[in-house]
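Below is one structure, written out as C-alpha cells, with a few remarks after it.
Structure follows, in C-alpha cells:
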C-alpha cells in the first residue's frame, strides 16, 4: 500500500521537475544563447513582417522562381500545419502516375536530359526546403528565360547557393530553394 | 549517385558507429556507478535533488525489494503514469499552455497515446502540430519519455543484480533505480543535447503559431489563393533530446525527425542517431562491469553491432537501387528529405528500428520493398539490436539464455551463464520474454486481416497493404512506435487493439525478466570449469544465429507474402 502512495508522489515530483522545470530551463537558456534559432530561424522583410522561415520550404509555381520538390501535405503544398509524406508505397500505381505527371510538367517547362528524381518525388516532411544541386541546375534555363537574364549569370548564383556536406561528410550537398529565390529577387532589385 | 557519394555516406555511417563504440566504456562505467549508488561527477549537484525526492515521496532508498515487490512497484508506477497522461489528454482543452486551443483527445486516442508513451513505444495516431498543446507535449508526453526509459533501465539493472549477487533475496529498490536513472543519466544528457539541437535550428519556445506571408502566393484547393503559411511553434528541442536519448521516438510534429524544426541539418541528423544508440550501447558495458566480466558485455555489443551493420548495409543498397517502375535514374527519394542524404536516411531508419526508438526521418511506407523489410525485420527480431533503453538488453539476455541452453544441449555442456546455472525458471522466463511480441503480432495481425475494420484502414493496395498491417502490429508489440504511416490507425479498432499490443509487449516481458532476476539472485556462483560453455568468441555468431532463426521461423511466411512479393512486382513490372 505504501508503494501506491510512493508511485503517485514520485510521478508528481517528476512531472514538475521534468515536465515544467526542464523545458523552461531549456527555453530560458536557448533564448539567451540562441534566440534566433529558438524562435524558428525566421525571415523578416524590411518592413518587419515575417516572411517564413529559412528552414521551412515554400511552394513556388511561377516560372521565374526555382520550383521546390513536390509536397504531400494536406490542403495545399508545403502546409506547415500538416507535415508529412505521401506514404505511398513503391508499387502503388497512384504514386507511379503522380511521378509520370510531374515528369511531363517538367518536360513541358523545358527540362531536358534525365529528370532529377528528387524533383518529382515528395519528401518525408512535406516541408523539405532543399533540392539537390542537379535539380536546381536543371531549372536554370527556364528561370533565366523568364527573368530575361543570361544563363551563365544565374548558374553562378546557384553555384554560390550550393551548401556543401556539413563538416565535409555529413548529409548531402543541397540548395535551399527559398534562399535561392530570395537571392534572385534581391539581385533583381 | 556517384561512387564518391556512396563512399562519403559509408564514412558518415562508420564514423558514427565508431564514436558510439568509443563512448560505450566511459558512459557504461558512469552508469554502473550511478546504479551502485557511488559518487559521481554530478553528485554534488544532483544528490540534494535525489534526497529531496526520496524525502517527499517517503522512500528509504536502502530498503531492498524482492522481485515481486519490485515488479509491483514498477507496475503501479506505470499504471498511475497511464492514468495521469490519459487525464491530461482528455482534459487538454481546459489546461494551460494551449495557445492553439486544441480540444481534448477522444477516449480511444487518449488511451492509445497514454499507453504508447508510458510503454516507451510512442506510436502516434495523432498529429502533433494539429492536436497536442504545449502542456500536453511537455508536461505529459515528454515526462513519460524520461520515465518510461528510466523504467526500462531499472528493470535491466535488477536483472544485472540477479546475475551479480549470490545466494541473495533482493534485487534492488525500484524507486531508487528509477530516480537515479532519470536524474543522473537522462536529465543531464538531455539538457546538453537540447541546447546543442537549438544551436542548429531546432525551435524552443512557447509562442503561439506564427502566420507569415509567402514569397509567391499559390493557388489552393477550390481556386482560393493562399498567400500565407502558418508556422507551428513549441518547446521542441527539450522534447527532441529525450525522445532520441530515451529511444522513445514520439515526434513533436507529425513528420517526426524529418521535420526541419525537429531535425534541421545533417549534423542534427547524425547527432540524433548518436543519441538513439548512446545508452543502449553503453548499457552492455554497465552490464559487463556490474557482473565483473566486461568481456561478456562486449560479446553482446559485438552481436548487436554485427546485426546493425548488416541491416544498414542492406537498407542502403535497396534504396540506392531506386524504383525501376519510375524509369528514372537515381535512388528512391519518395519519402526522404534531401539534406540527410541517402546515408543519413538509411542509417536513421535502421537505427530507429534496431533500437526501439521509432522516430523517423524517412517515411518507411515509401521505402523500396526490401528496404522497408529491414526495419520490419529488425522489429520482428524482438528489438534486440541495441533495442530500447534497458529493454533491448534484457530481451537480448533472454536470447543469450536460450542460446546458452540450446548450445549446451547440443554439445553436452552444463548450461550456465556468468556462473549462474540456467534452469527451468530461466528458460520459461526467457521464452516468455522473447516470444510475447511474436505471439501478439501474429494473433492481432490475423484479426486485423480478416475484419473490415482492420483492412479498411489500408492506404496502399496489394502486397504492400499486408506489409502495412504487419508493420502496424510489429511496431507497437515491440514498443518501437514507427509506422508504415499510410495506414489510418486513428480508429477505435486500431487504437484499442494496439493499446493491448503495447501493454502486453511491454509489461509481460518486463515482469518475466524480474522473475528471472528473482530466480537467478538466489543461486550460488559456480566458477568456470572445462565444462563451461565459453560465452564470447564463437558464441557471438551462435547468438546472432539463434536470433535470426527464431525471427525467420516465426515471420518468414508473412514476410514472403508482403515485402518479398512486392519486390518481385517492383523489379518485374506490372
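Chains as they are written, first to last, in my numbering: chain A, 1 to 189; chain B, 1 to 574.
Glycine included, every Cβ here is placed at the ideal spot set by N, Cα and C.
Here the structure is a predicted model, which means the values were calculated and not measured.
CB of residue i within 8 Å of CB of residue j, strictly
i	j	result
residue 4 of chain A	residue 76 of chain B	yes
residue 119 of chain B	residue 460 of chain B	no
residue 540 of chain B	residue 302 of chain B	yes
residue 614 of chain B	residue 128 of chain A	No answer is possible for residue 614 of chain B: the residues shown for chain B start at 1 and end at 574.
residue 58 of chain A	residue 265 of chain B	no
residue 397 of chain B	residue 159 of chain B	yes
residue 241 of chain B	residue 193 of chain B	yes
residue 97 of chain B	residue 253 of chain B	no
residue 20 of chain A	residue 139 of chain B	yes
residue 117 of chain A	residue 102 of chain A	no
residue 24 of chain B	residue 395 of chain B	no
residue 27 of chain B	residue 51 of chain A	no
residue 68 of chain A	residue 332 of chain B	no
residue 136 of chain B	residue 69 of chain B	no
residue 162 of chain B	residue 521 of chain B	yes
residue 249 of chain B	residue 182 of chain B	no
residue 430 of chain B	residue 387 of chain B	no
residue 447 of chain B	residue 438 of chain B	no
residue 466 of chain B	residue 562 of chain B	yes
residue 180 of chain B	residue 54 of chain B	no
residue 155 of chain A	residue 140 of chain A	yes
residue 510 of chain B	residue 155 of chain B	yes
residue 109 of chain A	residue 63 of chain A	yes
residue 112 of chain B	residue 503 of chain B	no
residue 531 of chain B	residue 339 of chain B	no
residue 557 of chain B	residue 81 of chain A	no
residue 389 of chain B	residue 286 of chain B	no
Buried or exposed by the 16-neighbour rule on C-beta atoms within 10 Å, applied to residue i
i	result
residue 56 of chain A	buried
residue 305 of chain B	buried
residue 482 of chain B	buried
residue 142 of chain B	buried
residue 552 of chain B	exposed
residue 399 of chain B	buried
residue 51 of chain B	exposed
residue 187 of chain A	exposed
residue 124 of chain B	buried
residue 420 of chain B	buried
residue 329 of chain B	exposed
residue 297 of chain B	buried
residue 44 of chain A	exposed
residue 523 of chain B	buried
residue 94 of chain B	exposed
DSSP bridge partner residues for residue i (one or two, in chain order)
i	result
residue 231 of chain B	B:210
residue 130 of chain A	A:176
residue 226 of chain B	B:218
residue 137 of chain B	BP columns for residue 137 of chain B are empty, so no partner.
residue 170 of chain A	A:166
residue 54 of chain B	In the DSSP output, where bridge partners are listed per residue, residue 54 of chain B has none listed.
residue 336 of chain B	B:362
residue 44 of chain A	A:50
residue 532 of chain B	B:414
Min CB distance residue i to chain E below 8 Å
i	result
residue 464 of chain B	Considering every chain present, this structure includes no chain E. Its protein chains are A and B.
Practice item. Could you run through the stretch 317 to 331 of chain B and flag, in chain order, every residue whose CB is less than 8 Å away from some CB of chain A? Key: Near chain A, meaning a CB-to-CB distance below 8 Å, the residues of the stretch 317 to 331 of chain B are 322, 323, 325, 326, 328, 329, 330, 331.
**Study point:** Complete runs of the beta strand (DSSP E) confined to the stretch 348 to 419 of chain B [at least 3 residues]
**Key:** Restricted to the stretch 348 to 419 of chain B, not a single beta strand (DSSP E) segment is unbroken, complete and at least 3 residues in length.
Point to revise | Residues of the stretch 92 to 103 of chain A whose Cβ lies closer than 9 Å to any Cβ of chain B, in chain order | key: The residues in question are 92, 93, 94, 95, 96, 99, 100, 103.
Exercise for review: Write down every uninterrupted run of the alpha helix (DSSP H) in the stretch 159 to 215 of chain B whose length is 4 residues or greater and which is fully enclosed by it, in chain order.
Suggested key: Under the rule that a run must span 4 or more residues, the alpha helix (DSSP H) segments found entirely inside the stretch 159 to 215 of chain B read 174 to 180, 187 to 200.
Review point. In the stretch 201 to 215 of chain B, which residues sit with their C-beta less than 9 Å from some C-beta in chain A, listed in chain order?
Key: Look at the stretch 201 to 215 of chain B: the residues with a C-beta under 9 Å from a C-beta of chain A are 201, 202, 203, 204, 205, 206, 207, 209, 210, 211, 212, 213, 214, 215.
Check your understanding: Hey, which unbroken runs of the alpha helix (DSSP H) at 4 residues or more fall wholly within the stretch 87 to 134 of chain B?
Key -> The stretch 87 to 134 of chain B contains these whole alpha helix (DSSP H) runs: 107 to 118.
Review point. Which runs of the alpha helix (DSSP H) spanning at least 4 residues fall entirely within the stretch 414 to 498 of chain B, listed in chain order?
Key: If one requires a minimum length of 4 residues, the alpha helix (DSSP H) runs lying completely within the stretch 414 to 498 of chain B are 424 to 450, 452 to 455, 463 to 477, in chain order.
**Study point:** Near-chain B residues of the stretch 172 to 188 of chain A (beta-carbon distance less than 8 Å), N- to C-terminal order
**Key:** Residues passing the 8 Å Cβ filter: 172, 174, 178, 181, 182, 185.
**Study point:** Completely contained alpha helix (DSSP H) runs for the stretch 48 to 119 of chain A, where each covers 4 or more residues
**Key:** Fully enclosed alpha helix (DSSP H) runs of 4 or longer: 93 to 108.
Practice item. Pull out every residue of the stretch 174 to 199 of chain B whose Cβ sits closer than 8 Å to any Cβ of chain A, in chain order. Key: Using a CB distance below 8 Å, the part of the stretch 174 to 199 of chain B facing chain A consists of 175, 178, 179, 182, 187, 190, 191, 194, 195, 198, 199, ordered along the chain.
Review point. Got a sec: which bits of the stretch 4 to 16 of chain A sit with their beta carbon under 7 Å from any beta carbon on chain B, in order along the chain?
Key: So the list reads 4, 5, 6, 7, 8, 9, 10, 11, 13, 14, 15, given in the order they occur along the chain.
Exercise for review: Jot down the residue ranges of each uninterrupted alpha helix (DSSP H) in the stretch 256 to 320 of chain B, minimum 4 residues, whole runs only, in chain order.
Suggested key: 266 to 290, 294 to 320, all fully within the stretch 256 to 320 of chain B.
Review point. Can you list, in chain order, the residues of the stretch 225 to 237 of chain B whose Cβ is nearer than 8 Å to any Cβ on chain A?
Key: Residues of the stretch 225 to 237 of chain B with a C-beta less than 8 Å from any C-beta of chain A: 226, 229, 230, 231, 232, 233, 235, 237, listed in chain order.
**Study point:** chain A contacts from the stretch 57 to 82 of chain B (Cβ-Cβ distance under 7 Å)
**Key:** Cβ contacts with chain A come from 57, 58, 59, 72, 73, 76, 77, 80, 81.
Practice item. Please list the residues of the stretch 548 to 567 of chain B that have a C-beta atom closer than 8 Å to any C-beta atom in chain A, keeping them in chain order. Key: The stretch 548 to 567 of chain B vs chain A, Cβ under 8 Å: 566.
Check your understanding: Got a sec: which bits of the stretch 127 to 145 of chain A sit with their beta carbon under 8 Å from any beta carbon on chain B, in order along the chain?
Key -> Residues 127, 128, 129, 130, 131, 132.
Check your understanding: Which residues, taken in chain order from the stretch 248 to 265 of chain B, show a beta carbon closer than 8 Å to some beta carbon of chain A?
Key -> Answer set for the stretch 248 to 265 of chain B: 253, 254, 255, 258, 259, 260, 261, 264, 265.
Point to revise | Residues from the stretch 8 to 40 of chain B in contact with chain A, defined by Cβ distance under 8 Å | key: Those residues of the stretch 8 to 40 of chain B that come within reach of chain A (Cβ to Cβ, closer than 8 Å) are 8, 11, 12, 15.
Point to revise | Positions along the stretch 143 to 166 of chain A whose CB lies within less than 8 Å of some CB in chain B | key: Hits within the stretch, in order: 165, 166.
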